[in-house]
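First up is the structure itself, then whatever we jot down about it.
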Amino acid sequence: MTEREECPSCPRCRAGICEIHRPVVGRREIAVFGISGILLLSGILVNYLTPYPLAGTALLLAAAAISGYDVLRAGFFALIRLRFSIAVLISIAAAGAFLTGNPAEGATVLYLYAVAEFMEEYAAGRAERSIASLLDLTPQTARVRRDDGEVTVPVDDVGIGETVIARPGDTVPLDGVVTAGGSSVDQAAITGESVPVAKGVGDGVYAGTRNLDGYLEVRVTKPERESTIARVAALVAEAQAHTSPTEAFIERFSRYYTPAVILGAALLVVVPPLAFGVPFLEAFYRALVLLVIACPCALAISTPVSMVSGITTAAHNGVLIKGRDSLEAVGLARVVVFDKTGTLTAGRLEVDNVIGFGIPEAEVLAVAVSLESRSGHPIAEAIRRRAEEEGAVLQDVGEFVSIAGRGVRGRIGGAAYVLGNVALFVDGDAPAWRADYDRLESEGKTVVLAGTASGVLGLIALSDVVKKDAKKTVAALRARGIRTVMLTGDNERVGGAVARRIGIDECHAGLLPEDKVTMVERLMDRYGLVVMVGDGVNDAPALARANVGVAMGAIGSDVAIEAADIVVMEDDISRVAYLVALSEKTVSVVRQNVIAALVVKLGIAGLAVLGLVTLWMAVAFGDMGLSLAVIANALRIGRPDSGSPP
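For the sequence shown, our numbering gives the first residue as -11, with consecutive numbering after it.
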């Protein structure tokens, strides 16, 4: 049985970051670098300041053996298999330096390469440490209410359906539903949103979130390994396996780059001595320098280290990116498509206007809420909410009749009233209410009329609530040169009004789900890469068809988390602008790293051919120094200004 099989329920194993599987980077490396560094410095000083070169060479050999053990061993086994790996190139360069009477440079090459490898491993492990920090937020034990009272047990011993207790200051141990109590909960670990969320009976709570000020009893709905935060960690870990187009290009380029430079090194040993009379040892030394430049380390890590930094930064801000290819595509896309209902709007009608014609507005609202008191229609619910806010008096309704597709009729206080659409009313050629009705309809609002047999007494206009940051988000995207498109099943009048209010560039209305898929395909043909933003459930076909599908408000929704390429855990539309800004910055950093790696490598290679670069300079600037610069540039993505999450 393998170590991984010994802890199958461990969420760290599921995320691939369990302590028993994670390579240890620490005391051994510190000891190796410390001892070999002292030996290296001592050997150089002895060689240059004393008349005992053999003693200095011995110290340098010891330094090389300690710092270069791993690479020399790897190089030896690769060479006997005829594989020209990076380890082979470094080993040959170091051995050649010793053989040509440059032991200080040979030892320095191995030492600096070991430092560069350590830094690369440290940077690569940053993603694992970041994911681990998410899982570290969840407690290892839980207070559980059982027959014998309250007991504390390991979280993996808690079964579905059991009740766990979270007191003020506690971290919720497992996903579940509140069955008793009430509190404010900090969900920043999952959503990136620092504003506490009120939780009461019937509300879902999630492992890793913090109970702030109340007492909660929670019925467990998922085991630890399937909690939302464990799934997020696992998916972010899996995202590291996805290769972006730029990475694929670099891999293809490296297949030709390294052999080409090795061939160049071989020619450099032969051609200059024969054609130009360059001494053989000097030509051989130049070839060794060129071998060091052949190592594509900085080039190879230039993209993945940047992508990993972007993905982990996004995860800590409530945006789950499930692949490096998706992150790169968002950064390159020039079109973002939004579904309207539930994405740009709340999907909930609200009363915007109440107008009375000859009677007070309060009376219009009272008639409307009384007639709608028996209905579950969204319009009725919106009118009831407004009536409660205004304190409208609910009156008894007699002889109530529902008129399919038109409205309702009933008797209030002996008078007959009707409430519904314009088809219920015939009020002359140019009724007084018509101007207000047409104006409100032209704004994309749903208008209902209230009146009697003798005419209209008032009207109520309703609209789908536009999310508070929708307009700001669209403006931020347009400022970046991104075209925004809205798809909706509503009619042209309603869809167009919402699009104008928000500032959308292009609106397509009256679409069925299959029509949205067709429209996404047309937009892809017209603009190239397309990002589709929706709720992840109703828009699943269109999200799946787009180059990148972004699901909004997916916390607690397994369907949305699985279906989309990118998941915004909180229902916060402004995160889309943050995602685009972060992706664009990541793509920009990737380009900077790739260009810098290529320019520096090729530049030093040219200088090496002319004999203007030493071995240690090649490692310090063309390998280790370049790798460190690439890593440092990539880590900038994780700084707070990277997209400035709201």
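Note that CB positions come from ideal geometry on N, CA and C, so glycine has one too.
**Prompt:** DSSP three-state call for M107: helix, strand or coil?
**Reply:** helix
**Request:** Could you tell me which of T159, D145, R133, G149 sits nearest to P127, measuring between CA atoms?
**Result:** T159
**Request:** Examine chain C for any beta-carbon lying closer than 7 angstroms to the beta-carbon of A584, and answer yes or no.
**Result:** Reference to chain C is not applicable here, since this structure consists of a single protein chain.
**Item:** T329 versus S576 - alpha carbon distance
**Value:** 33 angstroms
**Prompt:** Within this structure, are the beta carbons of S297 and G626 separated by less than 7 angstroms?
**Reply:** yes
**Request:** Express the C-alpha separation of I250 and R213 in angstroms, rounding to a whole number.
**Result:** 49 angstroms
**Asked** Enumerated in chain order, which unbroken segments of the alpha helix (DSSP H) with a length of 4 residues or greater are wholly contained in the stretch 171 to 222?
**Response** 176 to 179
**Beta-carbon contacts of V454 that lie in its chain and below 7 angstroms, excluding the five residues immediately before and after** = L332, T333, V486, R489, I490
**Candidates A441, L598, L603, R133: closest to G147 by CA position** = R133
**Asked** For I281, which of helix, strand or coil comes out of DSSP?
**Response** helix
**Item:** C-alpha gap between I80 and A617, whole angstroms
**Value:** 25 angstroms
**Prompt:** Under 7 angstroms between the Cβ atoms of A195 and S172?
**Reply:** no
**Prompt:** Would you call the CB atoms of D327 and L475 closer than 7 angstroms?
**Reply:** yes
**Message:** Among the candidates R198, V165, E494, whose CA atom is the shortest distance from the CA of A177?
**Reply:** R198
**Opening and closing residue of the alpha helix (DSSP H) in which S390 lies** = That residue, S390, is in no alpha helix (DSSP H); its beta strand (DSSP E) goes 386 to 391.
**Request:** Count the other CB atoms, across all protein chains shown, that sit within 10 Å of the CB of L511; report buried if there are 16 or more and exposed otherwise.
**Result:** buried
**Message:** Taking the alpha carbon of D135 as the reference point, which residue from E150, L125, A423 has its own alpha carbon closest?
**Reply:** E150
**Message:** Taking the straight line between their C-alpha atoms, what separation do you get for M295 and D560?
**Reply:** 24 angstroms
**Prompt:** Which residues bound the alpha helix (DSSP H) around M520?
**Reply:** Unbroken run through M520 is the beta strand (DSSP E), 518 to 522; no alpha helix (DSSP H).
**Request:** Whole angstroms is fine: what's the gap from I78's alpha carbon to V97's?
**Result:** 8 angstroms
**Prompt:** For A317, which option in A83, L567, L42 has the closest C-alpha, if you only look at C-alpha atoms?
**Reply:** L567
**Message:** Quick test of the definition: if touching needs 3 or more C-beta pairs under 8 angstroms, does the stretch 419 to 427 touch the stretch 453 to 468?
**Reply:** no
**Message:** Could you tell me the alpha carbon to alpha carbon distance between R10 and A288, rounded to whole angstroms?
**Reply:** Legend: pLDDT at R10 = 47, less than 50; position of this residue unreliable, value from coordinates given subsequently. Going from the Cα of R10 to the Cα of A288 covers about 22 angstroms.
**Asked** Mind checking S430: buried by the 16 CB within 10 Å criterion, or exposed?
**Response** exposed
**Message:** Checking the sheet assignment: what are the DSSP bridge partners for D426?
**Reply:** DSSP output for D426 lists no bridge partner at all.
**Request:** Name the residue from A350, A248, P211, V325 whose alpha carbon lies nearest to the alpha carbon of L162.
**Result:** P211
**Prompt:** In or out: V12 buried (at least 16 other Cβ within 10 Å) or exposed?
**Reply:** Residue confidence is low: V12 scores 46 on pLDDT, short of 50, so the model does not pin down where it sits. Its coordinate-derived value is still stated next. Exposed, since its Cβ has fewer than 16 Cβ neighbours within 10 Å.
**Request:** Would you mind stating whether V536 and V519 have Cβ atoms separated by less than 7 angstroms?
**Result:** yes
**Message:** Buried or exposed for A622, going by 16 or more other Cβ atoms inside 10 Å?
**Reply:** buried
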